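Before any comments, here is the structure.
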Amino acid sequence: MANYFNTLSLREQLHQLGQAEFMDSTQFSDGVAALKGKKIVIVGCGAQGLNQGLNLRDSGLDVSYALRKEAIDEKRDSWKNATENGFHVGTYQELIPTADLVINLTPDKQHTSVISTVQPLMKEGATLSYSHGFNIVEEGMQIRKDLTVIMVAPKCPGSEVRAEYLRGFGVPTLIAVHPENDPQGKGWAEAKAYCVATGGHRAGVLKSSFVA
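Printed below as a string of structure tokens:
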């Protein structure tokens with residue numbers, strides 16, 4: 047897989063590197079509407095996965111967790127985190143095919159393996175979300191062209207994402223849409239809705255790019 051940044055023209059490199067816009071609160075007036083009624087599946091249930099999922103559920107969204115079969119069979123911490131908080135849990139094969147939004151919140155070192163497994167299972171027109179751009183940019187992961195790819199990246203540990211949400215605030219968040227993967231033009235609406243659901247819009251949001 048080729049480094050995505052190195053495949054771009056100089057003009058496009060400069061364009062994407064220059065994307066850094068602080069968003070006004072009025073840009074989030076639609077709330078979570080773009081994700082309301084959609085099936086959201088989070089892959090991974092560590093600190094970020096659990097706490098973001100709790101916020102999304104408390105914001106009225108439909109959230110479940112897809113875990114590796116061995117994590118479920120062996121009742122590992124990720125399974126305990128999800129089930130003890132009342133979430134539905136299933137394997138990738140059980141949950142990914144019907145998901146409208148798949149959120150990858152697994153450890154960085156697992157991204158290539160996870161996305162290689164998850165991507166073929168995703169239904170046509172679904173959305174894949176990342177918390178940073180490493181897998182897309184440095185590793186050059188190629189995503190199916192019918193899929194939308196977004197990034198929503200709270201700039202705090204998962205415990206703070208939850209704590210700030212519970213006190214009616216949020217944490218600063220970076221959002222982006224991968225220009226190679228927005229076939230339906232829905233990326234920004236869904237990224238903003240996801241950000242609202244975590245509370246990030248109340249703390250400050252930077253509209254950026256995967257490479258910036």
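One gets my numbering by counting positions in the sequence shown from 1 and adding 46 to each.
Beta carbons: idealized from backbone N, C-alpha and C, even for Gly.
Since we're looking at a predicted model, the values are computed, not measured.
With a 10 Å radius around the Cβ and a threshold of 16 neighbouring Cβ atoms, Ser162 comes out exposed. Counting only residues of its own chain and dropping the five nearest sequence neighbours on each side, Thr219 has a CB closer than 8 Å to the CB of Val198, Ala199, Pro200, Lys201, Cys241, Thr244, Gly246, His247, Ala249, Gly250, Val251 and Leu252. By the criterion of a C-beta distance shorter than 7 Å, Arg103 is surrounded in its chain by Val109, once the five residues flanking it on both sides are discounted. Where Ile88 is concerned, the enclosing beta strand (DSSP E) starts and stops at Lys85 to Val89. Around the beta carbon of Arg114, 16 or more other beta carbons lie within 10 angstroms, which makes this residue buried. Within 10 angstroms of the beta-carbon of Ser177 lie 16 or more other beta-carbons, which makes it buried.
According to DSSP, residue pairing for Asn150 in a beta bridge involves Val89. Contact between the stretch 222-238 and the stretch 125-134 is absent, with fewer than three C-beta pairs closer than 8 Å.
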